[in-house]
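Numbering (numbering that gives the first Met the number 0), first residue to last: 0 to 658.
Every residue, glycine too, gets a C-beta built ideally from N, C-alpha and C.
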Amino acid sequence: MQILTLLRERFAVALAELIADPQLRASSLERIVPSREPQMADYQANIAMPLAKPLGKPPLEIAKEIVAKLQLDDICESVTVAGAGYINLRLSPAWMAAQLQSAASDERIGVGGTASPKIYVIDYSSPNVAKPMHVGHIRSTVIGDAIANVLRFLGHRVITDNHLGDWGTQFGMIIYGYKHFRDPAAYAQRPVAELSRLYRYVQSIIAYEDAVAAVPKLEAQIVQAAQRVDLARKKQEAAPEDKKASKELQAAKNGLRNSEDELASNQAKIAECKANPEFMADATQHAGINEAVLAETAALHRGDKENMKLWHEFVPHCLDEIHAVYQRLGIQFDHEYGESYYHDLLSAVVEELFAKSLAVQSNGAICVFLEGFDAPMIVRKQDGAYLYATTDIATALFREREFEPDACLYVVDHRQSEHFNKLFAVLKQIGLTHTEFKHVSFGTVLGTDGKPFKTRSGTTVGLEPLLDEAVERAWAVVCDPNRLQGAGIDMDDAEKRHVAETVGIGAIKYADLSHNRTSNYVFDMDKMVQLEGNTSAYIQYSYARTQSILRKAAVQGWTEDRWQSSSLQLREPIEIALGLQLMRFEEALEQSMQEYLPNVITEYLFETARMFSSFFDQCPVLKADSESVGLSRLQLTALVGRTLKTGLKLLGIGVVDRM
RNA sequence: GCCCCAGUAGCUCAGUUGGAUAGAGCGCGGCUUUCCUAAAGCUGAGGUCACAGGUUCGAAUCCUGUCUGGGGUACCA
């Protein structure tokens, strides 16, 4: 149900006689919006005020003229002019009831879908397969999945592709680790655990070497910074009133402190390593490990027999592990062309860029220089190796041939926005101008300390233990025996497990989706498994209550066929408000996809659940004053349930019939 | 240095692309269970929308400048 579309059609007829300029008419129609002031209106048209100048009349007069020409008798209960010239529309409850009734008998609860279906390719999740998945992967995965679901539901063709990092430097680390540090028994028993141990171990040696190498540089930096502070202080003392001098002094002090902090943390890291003689023995023996790792990676990319064999051995293990996580999250992809899939295409891509004179040689690397960017996009390194950027170009070209998309969405961390800006500029130059490329960026996942989660800092939370913890906490709250008894619910263990899993996983997904994706997001386990407030549990709980009413209704003889064939009526204010909210489901979905913001949907669902709770309190269903009122409310209840369930499902979150 | 993003209630965040008196959740105070799940509902306190100018019928939203924080910035992904 697209109320806005309908209203705009009616307004278009009225405005046609008043406004000659078609552009002005179009912009006026866009000023018809859902009202922010529910006491005043359901929808409002803020048309008259900006027309005052072009039409040379006072806004109130214009508003009245528009209202006089409007034909809205069937839809609206009242159309009034207020304030500076707002046209306020109040929908007619009878009309709303009729619309809801037809939504109730519709499989898609009245969501008609888009008039202009498009083909979307959505690139999301995209973890590095050899590293254990961690909390940082959840945003891309969950947001991308939600966007894919919603676009599909709205009638678009959606192709999802998990662009796995299965070809990068991390494989050099694992191969090197496997050759020198492996524990055959552990590998035989749990290959992925052993591989990730090797990955972390090699990385820790690299980190140690980096720290050692950084010390002299930092010491030099500190000397310089101290000089800068002295200089700035003298300047500031000479001119205490000079704001710039004070600022410079402050900046110099900060610089010095940063360098000192960094040196201290490096030294702490080194000391920690030195306290471990076994580690030091390996570190000494494998000095220069970074170069050795790069050599292993390069050998793999050259097709070295041994390394290829290992790669083919490792990858399936890694994929099994990742797929287990996806299965638990309920997420599937149409395709999983990893980076390795494009490897053989890369040299041709670079040659083509070169042939078209788009790419040039610079400092031994092959680069595409772009207007508006300081640094070029490097597509081949000095040493001849290809990069992320090269693969991305090859991937875009492949998708273009394979799927002919109207739009490609990349659901990736905002820190890569410059990379994507460059990529899209290159793609445009290559000639992919008819496809819309969009970086659906999202804020960094931060720890409670406000710093980004890092794969290199051994403290990273693995994704699986995280899910386990959420489920465990959900169990403790939802399956508390006292609570269940109070609610009159008798559950066996299997059902409890299912409920805890649904609520726990839902909590993690919802916490992520309910934030505006563009802002940074503090991952706080304590908060997200709070099962009250704006959380998935609150909505799931509301759904369970709708189902509970429907179950009890059937027991007292109000079966589905009876309330389905009864007439739906909106009488009480809360019923009308709830009815309007239900009619706006499609509006919320459409709006959410305007800028691909899933939090628009979480807000809608939360608001719907809240309204249902009010309705639940104020309007008895099973004990309504009359049977016709009861049956009508039962229809409304069922529609609430279906809307909540559908909405959550689009977000990748499940429901249970009782909890 | 340059570029990008953010700054809204004690805390965590929304704010429908410029609309009317800026909203939720948590926390804090009060009220409501003979009634369909009280994980609920109702209600109160709490704000210089970082700061200063500007644009216009109208600004948290757009422009300019300043402050604060985060990110990026030639061979990582």
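Exposed or buried, what is V425 when buried is set at 16 or more other beta-carbons lying within 10 Å of its beta-carbon? buried
Validate contact between the stretch 146-164 and the stretch 336-346 using beta carbons, cut 8 Å, 3 pairs: yes
Using CA atoms only, rank isn't needed, just tell me which of Y341, R496 and F402 is closest to T389. Considering only alpha carbons, the answer is Y341.
Ranges of the beta strand (DSSP E) found wholly within the stretch 399-456, counting only runs of at least 3: Within the stretch 399-456, the runs of beta strand (DSSP E) at least 3 residues long that lie entirely inside it are, in chain order, 406-412 and 435-441.
Which whole runs of the alpha helix (DSSP H) in the stretch 302-370 are 4 residues long or more, in chain order? Whole alpha helix (DSSP H) segments, 4+ residues: 304-328 and 345-354.
Are A67 and A47 close, meaning C-beta to C-beta below 8 Å? no
Is the separation between the beta-carbon of N729 and that of S541 shorter than 8 Å? Lying outside 0 to 658, the shown extent of the chain, residue 729 is not represented and no answer is given.
Would you be able to state if there are at least three C-beta pairs under 8 Å between the stretch 480-495 and the stretch 642-652? no
For L621 versus L99, is the C-beta spacing smaller than 8 Å? Not a contact, by the Cβ cut-off of 8 Å.
Which of helix, strand or coil does DSSP assign to M39? coil
In the DSSP assignment, find the alpha helix (DSSP H) that holds D209 and state where it starts and stops. P190 to A237
Do you know whose CA, among H438, V460 and Q634, lies nearest E594's CA? Per the Cα distances, H438.
Unbroken alpha helix (DSSP H) run spanning N148, endpoints: H136 to F152
Taking 8 Å as the limit between beta carbons, can you name the residues of its chain near R24, skipping five residues before and five after? Answer for R24: A11, L14, A15 and I18, listed in chain order.
In or out: H433 buried (at least 16 other Cβ within 10 Å) or exposed? exposed
Could you say which of Y42, L386 and S115 lies nearest to A81 if we only look at CA atoms? Y42
Would you give the residue range spanned by the alpha helix (DSSP H) that R641 belongs to? E626 to L649
DSSP beta-bridge partners for G164? N127
Taking the alpha-carbon of N257 as reference, which of G287, I221 and L248 has the nearest alpha-carbon? I221
Taking the C-alpha atoms as reference points, what is the distance between L408 and A147? 10 Å
By how many angstroms is the C-alpha of D73 removed from the C-alpha of M95? 10 Å
Short check: CB of M307 to CB of L318, under 8 Å? no
Leaving out five residues on either side along the sequence, give the residues of the same chain with a beta carbon under 6 Å from the beta carbon of R398. V120
Is it buried or exposed for R632, if we count other Cβ within 10 angstroms and need 16 for buried? buried
Taking the C-alpha atoms as reference points, what is the distance between R455 and Y186? The predicted position of R455 is uncertain, since its pLDDT is 34 and thus under 50; no value can be drawn from it.
Measure how close the beta-carbons of V470 and I504 come, nearest whole angstrom, since I'm counting them as under 8 Å. 7 Å
Could you tell me which residues DSSP puts in a beta bridge with A44? I31 and I86
Three-state class that DSSP yields for C478 in the structure shown: coil
Going by C-alpha distance, which of E351, E208, A486 and G329 is nearest I429? E351
Please go through the stretch 500-568 and give each complete beta strand (DSSP E) segment of 3 or more residues, from N-terminal end onward. Here no run is fully enclosed.
Would you decide whether D260 is buried or exposed? Buried here means 16 or more other CB atoms lie within 10 Å of its CB. exposed
Which residue comes first and which comes last in the beta strand (DSSP E) that contains Y385? Careful: Y385 lies outside any beta strand (DSSP E) and carries neither H nor E.
Out of A576, S612, D209 and Y177, which has the shortest C-alpha to C-alpha gap to S34? A576
Using only the alpha-carbon positions, how far apart do P190 and A219 sit? 44 Å
Among I507, P215 and M279, which has the Cα closest to the Cα of L262? P215
Helix or strand or just coil, what does DSSP make of Y119? strand
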